[in-house]
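Q: My questions all concern the structure below.
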Amino acid sequence: MSPHRMAGLPAGRRGKYAVLVLWLVLLAAAGPLALNLGETQDNSTLGALPPGVESSRAAQRAEAAFPESRRQLAVAVYVRDSGLTAADRARVDADRTAFAGYADGGVVSPPVPSADGRALLFSLPVSADEQRRADAVGAMKDRLAEGAPGLRTALTGDAAAESDIWDAFDGMDGALLLATAVTVALLLLVTYRSPVLWLVPLLAVGVANQLAGATVYLLARHAGLAVDFQSQTILTVLVFGVGVDYALLLIARYREELRRHADRHAAMAVALRRSYGAVCASAATVALGLLCLVAADLPATRGLGPVGAVGIVAALLAMTTLLPAVLVLCGRWLFWPFVPRHTPGADGRDHTADHGVWRRVAGLVGRRPRLVWVGTAGVLVALTLGIGNLALGLPDDESFTTEVGSVTGQRLVAAHYPGGSAAPVEVLAAAGAADRVVDAVRAVPGVAEVGGPQRSADGRWVRVTAVLAAAPDSAPARDTVSRLRTGVHAVPGAQALVGGRTATLLDERRTVDRDNRVVIPLVLAVVLVILVLLLRALVAPLLLMASVVLSYAAAMGAAGLLLDAMGHPRLFVGVPLQAFLFLVALGVDYTIFLMTRAREETASIGHRAGTLRALTVTGGVITSAGVVLAATFGALLVLPLVPSVQMGVIVAVGILLDTLLVRSLLIPALTLDLGARTWWPGRLSRRPVAATPPPSAERAALRV
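Counting from 1, one number per residue, gives the positions in the sequence shown under UniProt numbering.
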């Protein structure tokens with residue numbers, strides 16, 4: 001069956017019923033599976049690195065030689081600003097005795113006093129079992145909360161940080177879904193100004209979300225697909241945002257065709273055929289762009305690609321089958337009170353009055369195209385200056401939008417102990433080189449304390465801990481680890497590996513840099529190829545790719561101003577690449593909507609008239625779609641994690657810039673300024689003017 005016949009099936013008099021029955025069966029099967037998606041989450045990938053980097057190899061060696069290193073640590077810290085009292089020390093001893101019952105192996109470290117006499121801390125390993133660890137950490141938090149007046153207490157360390165993450169995200173799946181659905185519903189209600197029509201795309205996108213969740217669940221269970229909280233969150237946002245975009249495009253085209261055709265089935269069939277190419281090209285662009293993330297080395301980034309691609313395919317299927325079937329089944333009354341009536345003899349080009357605002361915008365662009373694109377480009381270039389407000393590298397204590405116990409503990413430790421006390425560096429080396437390795441570690445500037453070597457049970461390896469003078473997540477600490485690696489690697493026969501929190505952050509930064517160098521060109525190449533095939537030209541796609549890069553830079557600059565004002569200017573290392581992907585792939589959606597219509601119109605009425613006509617009739621759709629998509633990503637701001645907030649702000653701002661400036665002004669103006677050369681080397685570049693002049697309404701749209 002050809003794509004056009006497949007696209008027309010939901011519009012058929014009997015076909016629509018077959019489509020609806022099929023979707024009811026799918027929904028009945030997918031619903032229960034989608035509800036279980038959370039059970040497949042494996043959030044260990046969120047902080048994981050490729051197995052080949054040094055910190056990962058150090059962790060593997062430590063787990064083999066020192067099995068207890070697999071256990072997470074909880075660190076209890078006590079601070080009294082006027083100096084610890086005898087009662088405070090007694091409290092610490094009592095807590096150590098109580099916490100021994102939660103320690104894996106029953107071992108709690110001795111209390112470590114600070115040099116200023118105002119703080120004490122001790123640590124203990126907790127169970128490797130997730131549920132037992134959660135119960136133990138919760139009980140310790142409760143006991144520490146029963147503090148004496150003036151004594152500040154907190155629980156930090158890996159185990160406490162993990163617990164804070166789960167506490168912060170408890171119930172957030174439902175909150176995000178609700179925020180996204182409510183936002184989309186309100187925007188659809190405003191867009192359509194109908195008390196009923198907005199329900200149909202919202203229903204269809206909800207079904208698409210269920211199908212996507214069920215598919216991801218099955219792939220995770222039976223095909224090893226990695227799913228974490230980040231990818232599940234993005235899945236919801238993508239399905240709602242992209243699905244509603246496709247709905248807006250299809251419904252706008254359907255409304256046009258209802259004026260041409262008395263039969264709503266015929267109107268939908270034509271609307272589907274004429275929008276199917278743009279929607280499929282858009283879906284292919286976003287899905288293939290997401291799949292480019294498979295080339296990334298960072299596991300959390302790599303796992304996001306397939307999950308997001310599943311969501312795009314689910315949205316495409318629902319919006320090109322279920323949505324049109326429901327629209328045709330319900331009839332024209334869905335559009336009440338603005339019901340599109342059939343006008344006998346109408347050719348579809350006499351309704352520019354329905355797009356009054358965009359007719360005037362098209363007139364503005366048509367009068368002075370060069371001035372418009374130069375001015376718009378100047379605004380975008382000016383916005384890029386805001387990038388200077390951003391910095392790469394999010395400190396651990398700024399990862400949450402609200403204060404949590406583990407962050408409070410980190411700050412207490414940092415105020416009274418050497419910066420790296422809460423997360424010392426670990427050096428794993430051959431036992432025969434232990435003394436030389438210790439000497440090499442002590443000789444490195446930036447190392448505050450060095451512990452004695454601990455020998456493994458088989459006598460082959462030693463572990464040396466080193467406390468850094470700087471905070472574990474700071475740039476000076478990463479520089480110290482680089483020097484430390486250089487020093488211990490030079491010890492003959494040591495086979496030394498440097499691991500720990502700071503080493504992991506250093507390797508994470510290097511991995512992300514590598515991913516940026518590989519994935520960004522790959523995404524641009526994929527998008528360029530799709531645009532070339534779709535538009536059957538070379539100049540237009542290159543022009544559009546240049547606008548994409550400028551739009552991304554402007555989005556980062558504008559978001560930099562906002563994030564700085566919000567107090568979150570230091571970006572999580574994975575955010576720029578993921579934001580680039582979303583802004584490029586999703587922004588090209590609007591390019592495709594505009595330029596496919598421009599190509600269609602150019603073939604009939606010539607390049608200039610066709611471009612302005614395309615801007616006039618698609619401007620409202622693109623704007624509505626952009627606002628909806630920006631709002632769905634804006635829903636990420638309800639999450640309590642700073643990287644999610646940063647992603648939401650950057651993508652939302654970028655989509656709005658892309659919608660309101662790039663696709664509405666920059667691209668049409670550039671296209672007009674270049675003339676028919678835009679379509680080179682395609683046939684449209686050799687036939688710039690149509691044989692048939694535009695009808696009177698089109699002339700009115702172009703005459704300003």
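All C-beta atoms, glycine included, are put in the ideal place defined by N, C-alpha and C.
Since the structure is predicted, the reported quantities are computational estimates derived from the model, not experimental observations.
Taking the continuous beta strand (DSSP E) assigned at GLU130, which residues delimit it?
A: The count along the sequence shown starts at 1 and reaches residue 130 at position 130. Not the beta strand (DSSP E): GLU130 falls in the alpha helix (DSSP H), residues 130-144.
Q: Going along the chain, which residues of its own chain have a beta-carbon closer than 6 Å to the beta-carbon of LEU189, five neighbours each way excluded?
A: Mapped onto the sequence shown, residue 189 falls at position 189. For LEU189, where only same-chain residues beyond five positions count, the Cβ hits under 6 Å are TRP198.
Q: So is SER82 buried or exposed if we call it buried at 16+ other beta carbons inside 10 Å?
A: Here residue 82 is taken as the residue at index 82 of the sequence shown, counted from 1. Counting Cβ neighbours within 10 Å, SER82 comes out exposed, since fewer than 16 surround it.
Q: Any idea what DSSP makes of GLU426, helix, strand or coil?
A: Here the question's residue 426 lines up with position 426 in the sequence shown. It is a strand residue.
Q: When you compare only the Cα positions, how much space is there between ALA415 and VAL649?
A: Residue mapping note: residue 415 aligns to position 415 of the sequence shown, counting from 1. Residue mapping note: residue 649 aligns to position 649 of the sequence shown, counting from 1. ALA415 and VAL649: Cα-Cα distance of roughly 32 Å.
Q: If you draw a straight line from the C-alpha of VAL92 to the C-alpha of ALA65, how long is it?
A: Mapped onto the sequence shown, residue 92 falls at position 92. Mapped onto the sequence shown, residue 65 falls at position 65. Cα to Cα, the separation comes out at about 32 Å.
Q: Please state whether DSSP places PHE338 in a helix, a strand or coil.
A: Along the sequence shown, one-based indexing puts residue 338 at 338. Three-state DSSP puts PHE338 in coil, outside helix and strand.
Q: For PRO324, I'd like the list of residues in its chain whose CB is within less than 7 Å of its CB, leaving aside the five on either flank, ordered along the chain.
A: Residue numbering aside, residue 324 sits at position 324 when the sequence shown is read from its first letter. Around PRO324: PRO10, ALA11, LEU250, MET268, LEU272.
Q: Pull up the distance between the alpha-carbon of VAL307 and that of VAL227, whole angstroms please.
A: What you label residue 307 is simply residue 307 of the sequence shown in a count that begins at 1. What you label residue 227 is simply residue 227 of the sequence shown in a count that begins at 1. Straight-line Cα distance between these residues: approximately 7 Å.
Q: Could you give the C-beta distance for VAL207 and LYS16, rounded to a whole number, given that I count them as a contact under 8 Å?
A: What you label residue 207 is simply residue 207 of the sequence shown in a count that begins at 1. What you label residue 16 is simply residue 16 of the sequence shown in a count that begins at 1. Going by Cβ atoms, the distance from VAL207 to LYS16 rounds to 15 Å, so no, they are not a contact pair.
Q: Using the C-alpha atoms, what's the distance from THR301 back to VAL196?
A: As a first step, residue 196 must be located in the sequence shown, where it is residue number 196. As a first step, residue 301 must be located in the sequence shown, where it is residue number 301. For VAL196 and THR301, the distance between alpha carbons rounds to 39 Å.
Q: Tell me whether LEU35 sits in a helix, a strand or coil according to DSSP, three-state version.
A: Position 35 of the sequence shown holds residue 35. If DSSP states are grouped into helix, strand and coil, LEU35 belongs with the helices.
Q: Excluding the 5 residues flanking ALA29 on each side, which residues of the same chain have their C-beta closer than 8 Å to its C-beta?
A: Taking the sequence shown and counting its residues from 1, the one referred to as residue 29 is at position 29. Within the same chain, ALA29 has close Cβ partners ALA214.
Q: Tell me the start and end of each unbroken alpha helix (DSSP H) in the stretch 575-620 that is at least 4 residues and wholly inside, in chain order.
A: 575-605
Q: Could you give the C-beta distance for LEU304 and LEU291, rounded to a whole number, given that I count them as a contact under 8 Å?
A: Taking the first residue of the sequence shown as position 1, residue 304 is located at position 304. Taking the first residue of the sequence shown as position 1, residue 291 is located at position 291. Incorrect: roughly 10 Å between the Cβ atoms, too far for contact.
Q: Identify whether residue 705 lies in helix, strand or coil by the three-state DSSP scheme.
A: Absent from the model: residue 705. The displayed extent of the chain is 1 to 704, so no value can be given.
Q: Can you tell me where the alpha helix (DSSP H) with GLY241 in it begins and where it stops?
A: Residue 241 sits at position 241 when you count from the first residue of the sequence shown. Per DSSP, GLY241 belongs to the alpha helix (DSSP H) from 229-260.
Q: Quick one: any contact between the stretch 426-435 and the stretch 384-395, if contact means 3 or more CB pairs under 8 Å?
A: no
Q: Looking at VAL464 and VAL437, is the spacing between their C-beta atoms short of 8 Å?
A: Locating residue 437 in the sequence shown gives position 437, counting from the first residue. Locating residue 464 in the sequence shown gives position 464, counting from the first residue. The beta carbons of VAL437 and VAL464 sit closer together than 8 Å.
Q: Report the rounded CA-to-CA distance for ALA477 versus GLU39, giving the unit in angstroms.
A: Translated into the one-based positions of the sequence shown, residue 477 becomes position 477. Translated into the one-based positions of the sequence shown, residue 39 becomes position 39. For ALA477 and GLU39, the distance between alpha carbons rounds to 37 Å.
Q: Just mark PHE582 as buried or exposed, buried being the case when its beta carbon has 16 or more other beta carbons within 10 Å.
A: Taking the sequence shown and counting its residues from 1, one reaches residue 582 at position 582. The residue is buried, with at least 16 neighbouring Cβ atoms inside 10 Å.
Q: Of the choices ALA555, GLY31, GLN646, whose alpha-carbon is the least far from that of ALA382?
A: Reading the sequence shown from its first residue, position 382 is the one you call residue 382. The candidate whose alpha carbon is nearest that of ALA382 is ALA555.
Q: Enumerate in chain order the residues of its own chain whose CB-to-CB distance from ALA630 is below 6 Å, with the five nearest sequence positions on each side excluded.
A: The count along the sequence shown starts at 1 and reaches residue 630 at position 630. Around ALA630: ALA652, ILE655, LEU656.
Q: Pick helix, strand or coil for ARG368, following the three-state DSSP scheme.
A: For the purposes of this step, residue 368 is identified with residue 368 of the sequence shown, where counting begins at 1. Three-state DSSP puts ARG368 in coil, outside helix and strand.
Q: State the Cα-Cα distance for the pair ARG368 and GLU600, rounded to the nearest angstrom.
A: In the sequence shown, counting from the first residue as 1, residue 368 sits at position 368. In the sequence shown, counting from the first residue as 1, residue 600 sits at position 600. Looking at the two C-alpha atoms, the distance is approximately 23 Å.
Q: Give me the Cβ distance between LEU121 and ALA87, rounded to the nearest whole Å; I'm assuming they're in contact under 8 Å.
A: As a position in the sequence shown, residue 121 is number 121, starting the count at 1. As a position in the sequence shown, residue 87 is number 87, starting the count at 1. The pair is not a contact, with the Cβ atoms about 18 Å apart (cut-off 8 Å).
Q: Determine the DSSP secondary structure at PRO125, reduced to helix, strand or coil.
A: For the purposes of this step, residue 125 is taken as the residue at position 125 of the sequence shown. If DSSP states are grouped into helix, strand and coil, PRO125 belongs with the strands.
Q: Between MET545 and ALA154, what straight-line distance do the alpha-carbon atoms span, to the nearest angstrom?
A: Residue numbering aside, residue 545 sits at position 545 when the sequence shown is read from its first letter. Residue numbering aside, residue 154 sits at position 154 when the sequence shown is read from its first letter. Taking the straight line joining both Cα atoms gives about 51 Å.
Q: If we call anything under 8 Å between Cβ atoms a contact, is VAL638 one with LEU176?
A: Locating residue 638 in the sequence shown gives position 638, counting from the first residue. Locating residue 176 in the sequence shown gives position 176, counting from the first residue. Yes, they are a contact pair.
Q: Pick out whichever of PHE99, ARG608, ILE165 has its Cα sitting closest to the Cα of GLU398.
A: Locating residue 398 in the sequence shown gives position 398, where the first residue counts as 1. For GLU398, the nearest C-alpha among the options comes from ILE165.
Q: Can you tell me whether DSSP reads TYR417 as helix, strand or coil?
A: The sequence position of residue 417 within the sequence shown is 417, counting from 1. It is coil, neither helix nor strand.
Q: Kindly indicate which three-state DSSP category GLN454 falls into: helix, strand or coil?
A: Within the sequence shown, numbered from 1, the residue matching residue 454 stands at position 454. Three-state DSSP puts GLN454 in a strand.
Q: So LEU219 is in the alpha helix (DSSP H); what residue range does that whole segment cover?
A: For this step, residue 219 is matched to residue 219 along the sequence shown. Segment 199-222, the alpha helix (DSSP H) holding LEU219.
Q: Do PRO681 and LEU538 count as a contact pair if the criterion is CB distance below 8 Å?
A: Taking the first residue of the sequence shown as position 1, residue 538 is located at position 538. Taking the first residue of the sequence shown as position 1, residue 681 is located at position 681. Yes, the pair counts as a contact, with Cβ atoms nearer than the cut-off.
Q: Runs of 4 residues minimum, wholly inside the stretch 86-115: which ones carry the alpha helix (DSSP H) assignment?
A: 86-99
Q: Are the beta-carbon atoms of LEU615 and VAL379 separated by less than 8 Å?
A: Your numbering for residue 615 matches position 615 in the sequence shown. Your numbering for residue 379 matches position 379 in the sequence shown. The answer is no: Cβ separation not under 8 Å.
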